[in-house]
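With the sequence shown counted from 1, adding 81 to any position gets you my numbering.
Glycine residues also receive a C-beta, built at the ideal position from the N, C-alpha and C atoms.
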Amino acid sequence: MKQDLAHQPRQDNAATLRFDPVPLEILPPLADCAILLDIDGTLLDLAPTPREVWVPPGLEATLTGLHARTGGAMALVSGRSLNDIDLIFAPVRFPGVGGHGAEMRLTGDGELMPTQAPPLDKDLKGRLAAIAKLSPGILLEDKGYSLALHYRLAPHAEKAIYEAVALIRAELPSAPIEVLPGKSVCEIKHAGFTKATGVLDLMQHAPFQGRRPVFIGDDVTDETVFAIMPDLQGFAFSVGRHSRGVAGHFEQPRDVRAWLASLLQRG
């Protein structure tokens with residue numbers, strides 16, 4: 082990693098944020114860490130559509146090495162379903178928290194752990210899905226526990242999408258749903274679970290229990306995990322933007338990949 086971990090104070094949303102230097106040397110040994118990694122925009126570069134992301138050469142070996150060096154305490158934490166994650170990294174499977182905390186798996190070849198996360202109501206999902214008809218280029222992604230409306234190919238439709246979602250929420254005020262704004266995506270999920278609740282649950286089980294988590298994420302949905310790192314005596318790092326409560330910042334996913342390779346090399 083370059084000097085991304087040693088930022089000077091800067092302005093962000095009219096508030097002054099400070100980023101202190103966090104060299105590799107102050108992190109605990111890998112045997113004492115739990116490495117928790119977001120995928121899109123963190124490990125992998127964003128693509129025009131969710132299906133077009135690809136795993137760069139060397140990343141699989143880095144993740145496999147980190148998984149081994151941490152005794153299995155390396156997990157992917159994503160808004161994607163675990164099935165989708167497996168397809169991206171096939172044939173390798175890793176522990177993970179999927180669906181924004183709706184799914185959890187402690188080992189790559191293990192079964193899904195039971196969760197209390199309910200899927201979206203079928204009728205509500207149908208109404209939300211119809212929003213994709215507002216404009217060509219809006220891509221609909223059904224994740225089971227959530228529904229995502231991607232507008233990277235139709236940036237002009239952003240306002241119309243959020244207005245349509247707001248209208249549905251106004252008509253169904255008692256519906257327990259949450260809207261997650263992301264990078265060129267509007268995602269709607271059932272309320273009551275987040276990436277943070279998923280990480281908290283994960284950290285209660287071996288081999289993650291008792292370790293100090295190191296979490297890296299890039300989007301608004303990752304901020305819930307940033308917020309709980311102090312309680313877990315962990316470290317949080319943001320990618321592509323300066324977020325509150327993080328120990329350092331990476332400019333791009335390639336910087337994250339290089340830093341993880343250095344972390345593995347340090348041993």
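*Which runs of the alpha helix (DSSP H) fall wholly inside the segment 297–326 and span at least 4 residues, in chain order?*
Listed in chain order, the complete alpha helix (DSSP H) runs (minimum 4 residues) inside the segment 297–326 are 304–309.
_Comparing C-alpha positions only, which one of ARG161, LEU230, ALA287 and GLY329 sits nearest to PHE307?_
Minimum Cα distance to PHE307 is reached at GLY329.
_Just verifying my parser: in three-state terms, what is the DSSP assignment at HIS237?_
DSSP places HIS237 in helix when its eight states are reduced to three.
*PRO109 to ARG161, Cα distance in whole Å?*
In this structure, the alpha-carbon of PRO109 lies about 29 Å from that of ARG161.
*Can you tell me whether SER319 is buried or exposed, with buried defined as 16 or more other CB within 10 angstroms of its CB?*
Classification for SER319: buried.
*Please report how far the alpha carbon of ASP204 lies from the alpha carbon of ALA342, in whole angstroms.*
ASP204 and ALA342: Cα-Cα distance of roughly 46 Å.
*asked:* Just list the residues that DSSP pairs PHE331 with in beta bridges.
replied: Residue pairing from DSSP places PHE331 in a beta bridge opposite VAL320.
*With DSSP as the reference, label VAL103 as helix, strand or coil.*
Confidence is the limiting factor: at VAL103 the pLDDT is only 48, short of 50, which leaves the residue's position unreliable and the question unanswerable from this model.
_Rounded to whole angstroms, what is the Cα-Cα separation between GLY279 and LEU117?_
In this structure, the straight-line span from the alpha carbon of GLY279 to that of LEU117 is close to 11 Å.
*Thinking just about the alpha-carbon of each residue, which of ALA115, ILE120, ILE107 and ALA112 is nearest to the one in PRO334?*
Of ALA115, ILE120, ILE107 and ALA112, the residue nearest in Cα terms is ILE120.
*DSSP beta-bridge partners of VAL266*: The partner list for VAL266 (beta bridge, DSSP) reads HIS231 and GLY263.
*asked:* In the DSSP assignment, the alpha helix (DSSP H) including ASP113 goes from what residue to what residue?
replied: Per DSSP, ASP113 belongs to no alpha helix (DSSP H) and is neither H nor E.
*How many Å lie between GLY182 and VAL158 at the Cα?*
Taking the Cα positions, GLY182 is about 8 Å away from VAL158.
*So, helix, strand or coil for HIS148, using DSSP?*
Helix.
*Using 8 Å as the threshold, is the segment 252–265 in touch with the segment 288–297, meaning 3 or more CB pairs across them?*
Two segments are said to touch when three or more pairs of C-beta atoms, one from each, lie closer than 8 Å; by this definition the segment 252–265 does not touch the segment 288–297.
*Got a sec, what are the start and stop residues for the alpha helix (DSSP H) ASP167 sits in?*
163–170 is the extent of the alpha helix (DSSP H) around ASP167.
*Roughly how many whole angstroms lie between the Cα atoms of LEU344 and ARG325?*
Going from the Cα of LEU344 to the Cα of ARG325 covers about 24 Å.
*What residue ranges within the segment 182–221 form continuous alpha helix (DSSP H) runs of no fewer than 4 residues, ordered along the chain?*
Listed in chain order, they are 203–210.
*Any idea what DSSP makes of GLY139, helix, strand or coil?*
Coil, per DSSP.
_Buried or exposed, going by whether 16 or more other CB atoms sit within 10 Å of the CB of GLU133?_
GLU133 should be labelled exposed.
_Nearest candidate by alpha-carbon position, reference GLY189, set ASP202, THR196 and PHE170_ = When only C-alpha atoms are compared, the closest one is PHE170.
*What does a CB cutoff of less than 8 Å around ILE242 pick up in its chain, not counting 5 residues either side in sequence?*
Result list for ILE242: ILE212, LEU215, ILE219, LEU230, TYR232 and CYS267, in chain order.
*Give a yes or no on whether the C-beta atoms belonging to MET185 and ASP282 are separated by under 8 Å.*
Here MET185 is near ASP282, since their CB atoms are less than 8 Å apart.
*To which residues does DSSP link HIS271 through a beta bridge?*
Answer is ILE258, bridged to HIS271.
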